[in-house]
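Report on one structure; see the data block that follows.
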Amino acid sequence: MSTLLESIASAQASGALLSSSSENIQNMLARGSSLAVTVITELVESEQWEELNNRFFRTLAFGTGGLRGKTIGQVVTKAEAGPGRPDGRPEYACIGTNAMNEYNISRATRGLATYVREWHRREGKPGRPSIAISYDTRFFSREFADLSAKVMTDLGCDALLFEGPRSTPELSFAVRLRNAAAGINITASHNPPGYNGYKVYFDDGGQVIAPHDKGIIDLVNAGDHTYEALPEADRGRVIHLGKEVDEAYMERLEKLIIDPELFLRKPALKTVFTPLHGVGGVIIVPMLHRLGVTCIPVPSQMVPDGLFPTVKSPNPEYPEALKLGMELAEIEKADLVQATDPDDDRMGVAARDDSGRLVLLTGNQIGSLMAWYRLKRLFEKGILTEANRERAVVVKSLVTTDLQKEIALGFGVKCVETLTGFKYIGAKQRAYEEKLPADIQANYRSLTEEETREARLKDSLYFVFGGEESYGYNTGDFVRDKDGNAAVICFAEVAAYAASLGISVVTLLDRIYSEYGFYLERGESLTFEGAEGASKIRKLVDSYADNPPKEIEGAKVLSILNYATQDIHDSEGELLPKEAMIVFEIAGGWKVAVRPSGTEPKIKYYLYATEKPASGTFTPEQLASTKVRVAEGLEKLWQWLKSDAQLRADDAKRAA
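Start counting the sequence shown at 654; every next residue gets the next number (my numbering).
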């Protein structure tokens, strides 16, 4: 051990090892297991200083969304790899303070369970508090879920543990259905195979927000993974959740369909579906069959596999992820291709145009189609009327297309914009529930979908649709997060509606553009991995605040909104929390937003273009030429931003 410590001290002295890394390594060696000692020794002896910095430069931060980090290092040691597994997974999760492993799972659950138990006591609630746990198909997800259940039961909370992999939205639903105090989903959503995460929900089924977020974070960060289990009589128990929750969830999903008769038309709507090796098939396949949709799964991608072997990345935002689905759709002559990410909260779509060609839709386009369809049909069905339209609301994130705002206002309903992150949309849903009379609130979760809608239209606000540009959507109030299951069936209804008009989904979107104007968005990002990358991202973000551009691609910057420093209120008068995001409005009505990702080692850029028809509506020819011109303009804009970012990064490097 002394030789090992001398090597670490020498590497720190030479600058190869960060001081924070050295300190964290030494702390882990002092308290660590034999596996940790063996792994660190192997990395030190092979002089893998960059890998050690990436693993130890910080303790994985427990933020408002929980944890997310690598479970598999860039360098996998022999001790971690073990004897080898047929699925390609290392035997053990990545050792390090900045990694998703048993250490950080125990540490997070200790803090969460302690907070929940105290909150439960303060609220005067009877019995033991319970925490629902779900997990996806990623490497180590089941082990992390079992470990979470053990820690929380040791500390006096019941663990409502799903018997098999389930989706993020079903976890949110289960928290509400079972009146749990909190929920955990073990997932890294659409990240690459080497990642996993720990996503935390509170008693309303929404992601944790103030004031609970700070209380939980403080307790998690106040200690390490160690804890003292309560006496056996005071411990919680593990309660398994299964088909009964699936069925209750599916019954509620079915009520989201506005016009189920659309699915009875012949020929039946045919969709190819892929869960990208994740959990989506558990609910979506039987749900589509129940509605009367011909669902054709992609066989190879129905197999749960944390390696995600058939895609470069299990992200339905990326065209490559839908490649196998589109190939199958051509063989089967399917109308749609629909894909969900591993935890089934995001959905991507390819739909046919009038020529029969499959066209990939963006998250903004998918959301706009759903928002428009739901508003139009709710008015046609008499559910929304002139008398109650002021109590209907569409909620979207600030970085989502303004077309959705224009659609909402066009129907005379409210549009509320939130910060990025579906937790803020979920928080609005909670606020609308809390505006209901006390007697309704007390029984709200036991009411039918029709009863909750009637109550919201009478005494609060009826949540029609919530959307984010990053392929996340919600159309119901019984889930307080983005819902890939609901998105698949509700978009299928949009497609069935277009077919009833004798047009394609793409043409339906063009009709919306003709009425509201053409909106095109482009999302780009720059990736910087590891400890050095985190520093680069921070400096780059700071440069936009300290030295904002006066012109962007030759167009004058008209205004700058800095959400980290300015007091900005939403349309309901609520002060938005501070967030590292800057929005530049430039001449011509175009916009650029810049923010660091909260879940990935990236700085994100959002580009927005809008063109209104000169007279009333676009003709087909005008719309076609506008699409080409605007797309070319966004390409030039991105090339300018990319070059500017490189200059800023070079300046920061010289200044250092």
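From the three backbone atoms N, C-alpha and C, an ideal C-beta is built for every residue, glycine too. Computed from a prediction, not measured in an experiment: that's the story for all the values here.
Here the alpha carbon of S660 sits roughly 38 Å from the alpha carbon of S1178. Here L960 carries a coil assignment [DSSP, helix/strand/coil]. Here G836 is near V853, since their CB atoms are less than 9 Å apart.
If you compare the alpha carbons of S1212, R1030, R1191, A1061 with that of C1143, the shortest gap goes to R1030.
Between L975 and A992, the beta carbon gap of about 5 Å places them in contact (Cβ cut-off 8 Å). Look at the beta carbons and you see the segment 1139 to 1156 not touching the segment 1078 to 1097: under three pairs across the two are nearer than 8 Å.
For the 9 Å CB-CB criterion, I936 and G764 do not form a contact.
Annotation: E1232 to T724 spans about 28 Å, alpha carbon to alpha carbon. Note on geometry: alpha-carbon atoms of V1047 and L1062 lie some 9 Å from one another. Scanning its chain for C-beta atoms nearer than 7 Å, with the 5 sequence neighbours on each side dropped, one finds around K1244 the residues V1236, F1237, E1238, Y1261, in chain order. Beta-bridge pairing by DSSP links I786 to L814, I837.
Between A834 and K778, the CB-CB gap stays under 9 Å.
Look at R1106 here: in three-state DSSP terms it is helix. The continuous stretches of beta strand (DSSP E) do not include Q1292, which lies in the alpha helix (DSSP H) extending over residues 1273 to 1308.
Taking a cut-off of 8 Å for Cβ pairs, the segment 1158 to 1178 and the segment 1263 to 1280 touch, as three or more such pairs fall below it.
When secondary structure is reduced to three states using DSSP, P736 falls in the coil class, being assigned neither helix nor strand. If you draw a straight line from the Cα of F826 to the Cα of G1207, it is about 49 Å long.
When the alpha-carbon of G726 is set against those of N844, C948, K1058, Y848, the nearest one is in Y848. Residue pairing of K1049 in beta bridges, as defined by DSSP: E1070, G1120. The C-alpha of G1125 is placed about 21 Å away from the C-alpha of L1229.
Here DSSP, grouped into helix, strand and coil, assigns F797 to helix.
For the pair of segments examined, the segment 733 to 744 was found not to touch the segment 798 to 809: the number of CB pairs separated by less than 8 Å stays below three. The Cβ atoms of G1001 and R888 do not sit closer than 9 Å to each other.
Under the three-pair Cβ rule at 8 Å, the segment 1012 to 1025 counts as touching the segment 1113 to 1133. For the 9 Å CB-CB criterion, P1266 and A1187 do not form a contact.
The shortest C-alpha to C-alpha distance from M1023 to any of G978, L1051, I911, R1005 is the one to I911. Taking all protein chains in view, the Cβ of Q1219 is surrounded by fewer than 16 other Cβ atoms within 10 Å, so the residue is classified as exposed.
In the three-state reduction of the DSSP assignment, N1215 falls in the strand class. For the 9 Å CB-CB criterion, T927 and M955 form a contact. Per DSSP, K1081 has no beta-bridge partner at all.
Membership of V729 in any alpha helix (DSSP H) is not indicated, and neither H nor E is assigned to it by DSSP. Going by DSSP, H1222 is part of no alpha helix (DSSP H) at all; its letter is neither H nor E. Taken through DSSP and simplified to helix, strand or coil, Q860 comes out as strand. Excluding the 5 residues flanking it on each side, V1132 has same chain C-beta neighbours closer than 6 Å at P822, S825, F826, in chain order. F1064 and S1278 have their C-alpha atoms some 28 Å from each other. DSSP places K1192 in the uninterrupted alpha helix (DSSP H) bounded by 1183 to 1199.
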